[in-house]
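As structure tokens, the structure follows; a few thoughts come after it.
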Ligand code: 5GP
């Protein structure tokens, strides 16, 4: 049986650029881990594709998935559900491949409780004004939604202490480099490498 893969969780406040950093990370072409596509009840934004950006489902469908225990984690965020389907994550990890999640902080804490050996990376804005400008610049949300998100972000930044790594998103490419560095180092952690050697050296 293949050694189980590593679960990497990228999280942080809304608007900090998690989606942009995640996309840039996968666009480097140097990634050998798999992205877990989330499920959401939010309506697709322009250009978003079902099954690529998200699985876009109804509230009823999402709640059915929760009831059936099919979500690794989920959260209600600005009036919509977002969550990680369990099956894909489990099957991919079982194949020995590393899996990458990009999720908000409440979901990340659920993963922390259920998968303590996952790696938790907190993407942080250089400052809060910058975050506000980014949310406005994105042009996808109304001002009251932006203010709601900023208030939430302050509380979310306090949650950094629950993570293993903090990555400042000053420049997307820098953030991507830092995340790749973290993943490379995590793969060298003795607890992850040791199982390979245990087979060679026996149990004694
Ligand atoms: P957006 O609507 O901007 O695509 O996403 C809103 C927030 O939901 C972002 O912070 C994003 O990272 C988060 N999110 C996306 N997918 C998931 C998921 O599967 N689980 C959780 N808990 N949050 C998610």
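Residue numbers (the numbering used here): 80 to 283. Just so you know, even glycine gets a beta-carbon here, dropped at the ideal spot from N, CA and C. Being a predicted model, the structure only gives us computed values, none of them experimental.
From this set, 208, 205 and 181, which residue's C-alpha is nearest residue 197's C-alpha?
As a working note, residue 197 is residue 118 in the chain shown. Taking only the C-alpha atoms, the option nearest residue 197 is 181.
The ligand 5GP heavy atoms versus the CB of residue 144: any closer than 7 Å?
Counting from one through the chain shown, the residue named residue 144 turns up at place 65. No; taking the cut-off as 7 Å, the Cβ of residue 144 has no heavy atom of the ligand 5GP nearer than that.
Does the region 216-231 come within contact of the region 109-120, defined as at least 3 CB pairs closer than 8 Å?
Contact between the region 216-231 and the region 109-120 is absent, because fewer than three Cβ pairs lie under 8 Å.
Secondary structure at residue 81, three-state DSSP: helix, strand or coil?
Position 2 of the chain shown, counting from 1, holds the residue named residue 81. Of the three classes helix, strand and coil, the one that applies to residue 81 here is coil, per DSSP.
Here's the rule: buried if 16 or more other CB atoms are within 10 angstroms of the residue's CB, otherwise exposed. What is residue 150?
Here the question's residue 150 lines up with position 71 in the chain shown. Classification for residue 150: buried.
What are the residues that DSSP puts in a beta bridge with residue 279?
In the chain shown, counting from the first residue as 1, residue 279 sits at position 200. The partner list for residue 279 (beta bridge, DSSP) is empty, contrary to what the question assumes.
Please report how far the alpha carbon of residue 274 lies from the alpha carbon of residue 264, in whole angstroms.
Taking the first residue of the chain shown as 1, we reach residue 274 at position 195. Taking the first residue of the chain shown as 1, we reach residue 264 at position 185. Spanning the two alpha carbons is a distance of roughly 17 Å.
Expressed to the nearest angstrom, what Euclidean distance is found between the alpha-carbon atoms of residue 92 and residue 280?
Indexing the chain shown from 1 puts residue 92 at position 13. Indexing the chain shown from 1 puts residue 280 at position 201. Going from the Cα of residue 92 to the Cα of residue 280 covers about 45 Å.
With respect to 7 Å, is the separation between the Cβ of residue 154 and the closest non-hydrogen atom of the ligand 5GP below this value?
Along the chain shown, one-based indexing puts residue 154 at 75. Flag set: Cβ of residue 154 near the ligand 5GP.
Hey, residue 97 and residue 210: beta-carbon distance below 8 Å or not?
Start at 1 with the first residue of the chain shown, and residue 97 comes out as number 18. Start at 1 with the first residue of the chain shown, and residue 210 comes out as number 131. In this structure, residue 210 does not lie closer than 8 Å to residue 97 by Cβ.
Just the Cα atoms here: how many angstroms apart are residue 122 and residue 82?
For the purposes of this step, residue 122 is identified with residue 43 of the chain shown, where counting begins at 1. For the purposes of this step, residue 82 is identified with residue 3 of the chain shown, where counting begins at 1. When rounded, the distance between both Cα atoms is 38 Å.
Pull up the CB-CB distance for residue 107 and residue 255, whole angstroms please, since I reckon it's below 8 Å.
Residue 107 sits at position 28 when you count from the first residue of the chain shown. Residue 255 sits at position 176 when you count from the first residue of the chain shown. Rounded, the Cβ-Cβ distance is 7 Å, consistent with contact.
Starting from residue 143 and walking both ways along the alpha helix (DSSP H), at which residues does that stretch end?
Stepping through the chain shown from its first residue, residue 143 is reached at position 64. Looking at the DSSP string, the run of the alpha helix (DSSP H) that includes residue 143 is 138-146.
What did DSSP end up calling residue 175 once you bin it into helix, strand or coil?
Here residue 175 corresponds to residue number 96 of the chain shown, with the count starting at 1. It is coil, neither helix nor strand.
Could you have a look at residue 115 and say whether DSSP puts it in helix, strand or coil?
Position 36 of the chain shown, counted from the start, is the residue given in the question as residue 115. Coil, per DSSP.
If you reduce the DSSP assignment to three classes, tell me which class residue 187 lands in.
Taking the first residue of the chain shown as 1, we reach residue 187 at position 108. Helix, per DSSP.
Considering just the uninterrupted stretch of the beta strand (DSSP E) at residue 251, what are its terminal residues?
Start at 1 with the first residue of the chain shown, and residue 251 comes out as number 172. Element bounds for residue 251: not the beta strand (DSSP E) but the alpha helix (DSSP H), 251-265.
Quick one: give me the first and last residue of the beta strand (DSSP E) that residue 235 is part of.
For the purposes of this step, residue 235 is taken as residue 156 along the chain shown, with counting starting at 1. Per DSSP, residue 235 belongs to no beta strand (DSSP E); it is in the alpha helix (DSSP H), 222-236.
When the Cβ atoms of the region 184-196 are set against those of the region 151-163, are three or more pairs found closer than 8 Å?
Taking 8 Å as the limit for Cβ pairs, the verdict is that the region 151-163 does touch the region 184-196.
Could you check which residue in 142, 84 and 99 has the C-alpha nearest to that of residue 253?
In the chain shown, counting from the first residue as 1, residue 253 sits at position 174. It is 99.
Residue 261 and residue 179 look like a contact to me (Cβ under 8 Å); what is the Cβ gap, rounded to whole Å?
Residue 261 sits at position 182 when you count from the first residue of the chain shown. Residue 179 sits at position 100 when you count from the first residue of the chain shown. About 12 Å separates the two Cβ atoms, so there is no contact after all.
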